[in-house]
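Reading through the structure tokens given below for one structure.
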Amino acid sequence: MKCSENAAERRIIARSPRRLQRTLRSPHRRSDTHNVSSAAAEAPKIATKTVVVADDTAFVRDRFKTALERAGHKAISVSSGSELIARVKADLSTIDLVVVDLRLPHGHGVNLVRALRNIDLKKPPIVVFSGTIASAAEVRELAALNVSGYVNEYTSLQHILPSLAPHLFPGDVNRRTGPRVVLGIPIAYRFGNTIAAAVTLNISRGGVAVRTTNPLEKGITVKVRFRMPMGKKDIDVESKVAWSDRRVGMGLEFAGLGEEDRGVIAEYVDSHFFSNRKA
């Protein structure tokens, strides 16, 4: 429920660094609790999607299946590379997204994605579980195979659907193809004379996704402030709204990120990404 999400945002913000709290007490602050009921009434009905979740770990399959089905989507679970290939061949026209573990039995790593692309060059969109990728070289191979993106298979249940939304609704949400890591921290963003507070969904080297019921319009330039986990100082950076969707929130693309701040973000992303839980 959006009201409970906003309550969670307020609790997290209350524990944010002192400097950020002072910023958020601005008299021009824009609260995401404003007009929540009207926002819910205006939210469009989400079309049902069919998603294949391919992982040989039941815990991962079941969590993604639960999150998708709670949102009204259809989730198909498979546990091997051969089963995935057979399913895609049989139901190609009805599958909207494949979320895949590169280390599936009988999958052969990147060759599994290559086999899917031999069935069809463009569809269905493929998202790879980031914990099954071993190196940056594999990321480059996957990019050449038109992989849509990556998702952390151990992201919390409530973050699964927002993480997949850019791939389920590509016409509405602008996608980032680089690795992203789920991250829920307080963030403040200023536009004009107004300061708003929210919570992040995920972060990549190039930008950050923000959970809000009142997203700004695409193309708007904002000043952003947040602090990375274990960070010693706030990161202040000008950003542009790259995508905006009331069902998810909005994506902010960094502009002019300093070298030190860029390094902090890159180190955090990489530390969560190339883990390969099955190496």
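In terms of this note's numbering, the sequence shown has 199 at position 199, counting the first letter as 1, and numbering is strictly consecutive. Heads up, the beta-carbon is just placed ideally off N, CA and C, and yes, glycines get one too. All figures in this text were calculated on a predicted structure; none of them were measured in a lab.
| Item | Value |
| --- | --- |
| Buried versus exposed call for Ile235 [16 or more other C-beta atoms within 10 Å across all chains shown] | buried |
| Run of the alpha helix (DSSP H) containing His132, from where it starts to where it stops | At residue 132 the sequence reads Thr, which differs from the His that was named. Here Thr132 belongs to no alpha helix (DSSP H), and DSSP marks it neither H nor E. |
| Three-way DSSP call (helix, strand, coil) for Val113 in this model | helix |
| Closest by C-alpha distance to Val127, when choosing among Val210, Asn146, Ala134, His73 | Asn146 |
| Residues of its chain near Ala67, where Cβ-Cβ distance is below 7 Å and the 5 sequence neighbours each way are ignored | Leu157, Ile160, Leu161 |
| Status (buried if at least 16 other CB within 10 Å, exposed otherwise) for Arg212 | Position check: residue 212 holds Thr in this sequence, whereas Arg was assumed. Buried: at least 16 other Cβ atoms inside 10 Å. |
| Residue from Leu252, Asn118, Pro125 with nearest C-alpha to Thr221 | Leu252 |
| Exposed unless 16 or more other CB atoms sit within 10 angstroms - verdict on His73 | buried |
| Which of helix, strand or coil DSSP assigns to Lys223 | strand |
| Contacting residues, own chain, Cβ-Cβ under 7 Å from Arg190 (five flanking each side not counted) | Val222, Lys223 |
| 7 Å Cβ cutoff met for Ala75 and Val98 | no |
| Residues sharing a beta bridge with Val52, DSSP | Ile76, Val98 |
| Cβ distance (whole Å) where Asn202 is taken to contact Leu183 below 8 Å | 6 Å |
| Contact set for Asp96: own chain, Cβ-Cβ below 8 Å, skip 5 residues either direction | Lys49, Thr50, Val51, Pro124, Pro125, Leu168 |
| Thr297 - DSSP class collapsed to helix/strand/coil | In the structure displayed, the chain extends from 1 to 279; residue 297 sits before or after that span and is not available. |
| Buried/exposed call for Pro229, threshold 16 Cβ in 10 Å | exposed |
| Simplified DSSP assignment, three categories, for Pro162 | helix |
| Span separating the alpha-carbon of Gly263 from that of Val269 | 10 Å |
| Assigned secondary structure, Ser93 (DSSP; H/G/I helix, E/B strand, else coil) | helix |
| Buried/exposed call for Asn111, threshold 16 Cβ in 10 Å | exposed |
| Tyr268 - partner residues in DSSP beta bridges | According to DSSP, which records beta bridges pairwise, Tyr268 is partnered with nothing at all. |
| Helix, strand or coil at Glu153 [DSSP, three-state] | coil |
| Buried versus exposed call for Arg103 [16 or more other C-beta atoms within 10 Å across all chains shown] | buried |
| DSSP three-state assignment for Asn118, whether helix, strand or coil | helix |
| For Asn193: DSSP bridge partner residues | Its beta-bridge partners do not exist; DSSP assigns none. |
| C-beta neighbour in chain D for Val269, strict 7 Å | The structure shown contains no chain D; it is built from a single protein chain. |
| Beta-carbon proximity of Arg63 to Asp55, cut-off 7 Å | no |
| Burial state of Lys65, where buried means 16 or more other Cβ atoms lie within 10 Å | buried |
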